[in-house]
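Numbering (my numbering), first residue to last: 27 to 155.
1) Short check: CB of residue 72 to CB of residue 95, under 8 Å?
2) Let's see if you can read the secondary structure: which residues bound the alpha helix (DSSP H) around residue 71?
3) Around the C-beta of residue 124, are 16 or more other C-beta atoms found within 10 angstroms, so that it is buried, or is it exposed?
4) Kindly indicate the opening and closing residues of the beta strand (DSSP E) around residue 80.
5) Going by other Cβ atoms of all chains shown within 10 Å of its Cβ, with 16 needed for buried, is residue 100 buried or exposed?
6) Classify residue 144: buried if its beta carbon has 16 or more other beta carbons within 10 angstroms, exposed otherwise.
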């Protein structure tokens, strides 16, 4: 591949992939858009609890909250923050609706799907000259 072709592909790298998965229990399709490394990093930071123990900072990622945040940030459709859903589930926002509708396994599976569409679990090929 020539340098110009490589540069052109990098210039087109802002196209974010999407993936639609079906929540079989609810019979609802969910369209997810990939997240950038920076977006995932910021969500991970927000969902990490830090405590001091014996002069050491101990970090613990709240995995449930992280999955919920990933899903909320990545979902194109449905609109988890729709006013009717907020009212029905007496929720303050989209993340609260997600926690109240989805079962634990669904949260985990949907969170994994977000990471997949965001490029995690991607294998790299070695280039041989």
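All residues carry an ideal CB built from backbone N, CA and C; glycine is no exception.
Here the structure is a predicted model, which is why all the values come from computation and not from measurement.
Reading off the structure:
1) Contact flag set, yes.
2) Unbroken alpha helix (DSSP H) run through residue 71: 63-72.
3) With 16 or more Cβ atoms within 10 Å of its Cβ, residue 124 is classed as buried.
4) Element bounds for residue 80: n/a, residue is neither H nor E.
5) Sixteen is the threshold: when 16 or more other Cβ atoms of the shown chains lie within 10 Å of the Cβ of residue 100, as they do, the residue is buried.
6) Buried: at least 16 other Cβ atoms inside 10 Å.
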